[in-house]
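S.K.: The structure's right below; bear with me while I get my questions together.
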Amino acid sequence: MEKITRFNVFIASPSDLQKERQEIKNYINSLQIEEVSFKAMLWEENLHATTINHKENGMQKIIDVELLEPSDIVIGIFRLKFGEKTNGYESATVGEIEESIEKHKPVCLYFWKSEELATELPKEDLESLAKIKEFKEKYENKGIYKEVSNIDESKNYIKEDLKYNVKKIFEKLENTEVVKQNKSTKNTSVKKKNSNSNRNKTKKTNAWYKMSITDFINQYLTKKQIDYIYQDNLTFRENLEISLEYLHYMKSTVEQILNESRVYAFNQKYGQYNYKYDLRSKYENWSHDIIQIIENTFPNRNDLNLLDVGGNSGEELNEMFDKDTGHNLSVLDLSFDAINEGKSKYPYINFYQGNMEKEYPFSSNQEFDVCLCLRAIQSRGVFRTDAIMQMTKALKIGGLIIISIPNGYINRDTNKEEKGLYDHRTHVFSHNAPIELVEKVYKKLNDYNFDNLKYKTIDTEIIIWGIKRKIGE
């Protein structure tokens with residue numbers, strides 16, 4: 220087992236503690252307890268710059284996902300301000316604290332002693348202090364808070380509380396390991412059986428659609444001696460949540476391992492992607508309808524900013540748009556190998572490595588006229604809600620989204636066309652799967668405020684498209 224060497228500590232506080240937040244952050248980062256170091260996180264410093272201006276999606280939600288969820292310990296501090304209402308809570312700080320408590324995450328609270336505050340305060344501050352008092356009373360008998368007179372006193376408490384919680388976390392991990400070892404023979408045998416029979420079943424094949432991302436992920440986990448079997452009937456997010464019950468690492472470590480395994484899998488399957496047995500090789504004009512939709516939406520425009528999510532090495536963009544059209548072309552893909560190949564073959568395309576379900580690695584003011592996601596969202600491992608949310612955020616108001624679901628391949632064994640989607644669990648083509656997925660994507664786009672939603676079956680895939688409208692329209 221690898222040693223846990225760093226805990227993430229999220230600092231939650233209202234706006235009147237800016238100086239103290241910085242000082243406490245530096246102090247926590249300087250600590251080392253029981254061979255554990257700490258990384259203190261402040262939203263104003265550790266939140267990616269690309270998220271700051273996405274007000275329509277709620278910055279607090281982004282803070283929760285990007286910083287609060289990966290944290291191992293939460294420190295909450297109150298002095299004079301209580302904070303503004305957000306996300307169903309009386310203040311953002313209260314929301315961060317109570318959500319962490321609900322998830323059984325260690326929380327340490329510190330309140331400035333009332334006698335240390337000015338006696339003559341404006342009405343607004345007195346009302347804020349009353350709310351703080353009420354919140355403090357809620358946890359008075361739960362032993363999670365202390366009152367402090369100054370920043371130095373708070374540091375002393377923080378060090379002792381971190382030391383205590385580190386000890387408790389390690390005890391919990393050890394107890395979890397004992398429970399795992401004492402589970403029923405039935406559960407253990409199933410897990411080991413899966414490990415022996417399924418982990419390395421990936422076979423060399425030129426039929427790329429038969430290559431299983433799940434098998435490649437398990438191949439990587441085996442190499443890293445990680446005792447978890449990635450389940451192909453679950454999304455990546457669901458696998459992450461379940462793996463936390465089995466692996467005695469911190470959440471941030473588990474997430475890093477699984478992210479690395481996913482990149483490895485995409486490198487294996489798509490890093491040297493061969494279009495020879497792609498159905499598009501049979502239909503040279505496969506992109507005609509897609510290009511027509513773009514031209515109808517933006518007539519007489521040759522300067523569009525286009526993003527292809529899951530665009531691999533950029534080959535499909537290269538087929539669709541001549542390098543001299545004037546359009547600004549960009550690709551986002553998970554596979555480093557595909558991106559490196561694309562950079563060498565298509566220097567006029569901008570390439571970004573990233574996960575379609577996470578915040579895109581662009582500058583905060585970069586928005587696109589067109590977002591394409593062609594045959595990249597159908598994977599069972601993709602959490603489509605998050606993927607569509609990120610594409611929506613990348614688009615300008617009035618921007619065009621086009622998503623497609625594959626509807627056939629060239630069968631490697633018979634050299635004939637097979638309609639539908641290949642199911643790795645049953646090893647057969649499902650003829651109903653493409654339209655079922657289209658209906659789900661269509662509904663989700665409607666939920667995300669897209670106008671003029673339409674879909675159409677073409678020779679190679681089914682395309683869905685719509686226009687992003689303003690919220691409230």
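Basically this note's numbering = 1-based index in the sequence shown + 219. Ideal Cβ positions, reconstructed from N, Cα and C, are used throughout, including at glycine. In this text the structure is predicted, and so the values were computed from the model without any measurement.
1) If you check the beta carbons only, do Leu553 and Asn574 fall under 8 Å apart?
2) Output the distance between the C-alpha atoms of Val255 and Glu264, rounded to the nearest integer angstrom.
3) Measuring straight from C-alpha to C-alpha, what distance separates Lys238 and Phe555?
4) Nearest-angstrom Cα distance between Ile294 and Met260?
5) Looking only at C-alpha atoms, which of Phe226, Phe297, Val601 sits nearest to Gln450?
6) For Ile247, which residues in the same chain have their Cβ closer than 6 Å to its Cβ, ignoring the five residues on either side in sequence?
7) Rounding to the nearest angstrom, what Cα-Cα distance links Arg481 and Leu440 in this structure?
8) How big is the Cα-Cα spacing for Ile681 and Asn671?
9) Here's the rule I'm using: 16 or more other beta-carbon atoms within 10 Å means buried, otherwise exposed. How should His507 be labelled?
10) If you run the structure through DSSP and keep just helix, strand and coil, what is Asn413?
11) Provide the residue(s) that pair with Arg225 in DSSP beta bridges, ordered along the chain.
12) In the structure shown, what three-state DSSP assignment does Pro653 receive?
13) Under the rule that 16 or more other beta-carbon atoms within 10 Å means buried, what is Asn384, buried or exposed?
14) State the beta-bridge partners of Tyr308 as determined by DSSP.
15) Give the range of the alpha helix (DSSP H) segment to which Trp262 is assigned.
16) Could you tell me if Ala557 is buried or exposed, where buried requires 16 or more neighbouring beta carbons within 10 angstroms of its beta carbon?
17) Cβ atoms of Ile351 and Phe297: under 8 Å apart, would you say?
18) Taking the alpha helix (DSSP H) that Phe297 belongs to, which residues open and close that run?
19) Can you give me the start and stop residues for the beta strand (DSSP E) that Gln279 sits inside?
M.R.: Taking the coordinates as given:
1) Position 334 of the sequence shown holds residue 553. Position 355 of the sequence shown holds residue 574. A contact, by the Cβ cut-off of 8 Å.
2) As a first step, residue 255 must be located in the sequence shown, where it is residue number 36. As a first step, residue 264 must be located in the sequence shown, where it is residue number 45. Val255 and Glu264: Cα-Cα distance of roughly 22 Å.
3) The residue you call residue 238 lines up with position 19 of the sequence shown. The residue you call residue 555 lines up with position 336 of the sequence shown. For Lys238 and Phe555, the distance between alpha carbons rounds to 41 Å.
4) Here residue 294 corresponds to residue number 75 of the sequence shown, with the count starting at 1. Here residue 260 corresponds to residue number 41 of the sequence shown, with the count starting at 1. One Cα belongs to Ile294, the other to Met260, and the distance between them is close to 10 Å.
5) Within the sequence shown, residue 450 is the residue found at index 231, counting from 1. The residue with the shortest Cα to Cα distance from Gln450 is Val601.
6) Reading the sequence shown from its first residue, position 28 is the one you call residue 247. Exclusion of the five residues before and after Ile247 leaves Val228, Phe257, Ala259 as the residues of its chain whose Cβ lies within less than 6 Å of its Cβ.
7) As a first step, residue 481 is located in the sequence shown; it is residue number 262 there, counting from the start. As a first step, residue 440 is located in the sequence shown; it is residue number 221 there, counting from the start. Taking the straight line from one Cα to the other gives about 10 Å.
8) Looking up residue 681 in the sequence shown gives position 462. Looking up residue 671 in the sequence shown gives position 452. Distance between the alpha carbons of Ile681 and Asn671: 17 Å.
9) Translated into the one-based positions of the sequence shown, residue 507 becomes position 288. Exposed, by the Cβ-count rule.
10) As a working note, residue 413 is residue 194 in the sequence shown. With a pLDDT of 40 at Asn413, under the threshold of 50, the predicted position of this residue should be treated as unreliable, and no value is reported.
11) The sequence position of residue 225 within the sequence shown is 6, counting from 1. According to DSSP, Arg225 bridges with Ser256.
12) For the purposes of this step, residue 653 is identified with residue 434 of the sequence shown, where counting begins at 1. Pro653 falls in the helix class under three-state DSSP.
13) The residue labelled residue 384 in the question sits at position 165 within the sequence shown. Under this definition Asn384 is a buried residue.
14) Working through the sequence shown from its first residue, we reach residue 308 at position 89. BP columns for Tyr308 point to Thr305.
15) In the sequence shown, residue 262 corresponds to position 43, counting from 1. Element bounds for Trp262: 262 to 265.
16) Here residue 557 corresponds to residue number 338 of the sequence shown, with the count starting at 1. With 16 or more Cβ atoms within 10 Å of its Cβ, Ala557 is classed as buried.
17) Taking the first residue of the sequence shown as position 1, residue 297 is located at position 78. Taking the first residue of the sequence shown as position 1, residue 351 is located at position 132. Taking 8 Å as the Cβ cut-off, Phe297 and Ile351 qualify as a contacting pair.
18) Mapped onto the sequence shown, residue 297 falls at position 78. Taken as a continuous stretch (DSSP letters only), Phe297 belongs to no alpha helix (DSSP H), being part of the beta strand (DSSP E) at 292 to 297.
19) Translated into positions along the sequence shown, residue 279 becomes position 60. Run containing Gln279: none in the beta strand (DSSP E); it sits in the alpha helix (DSSP H), 278 to 282.
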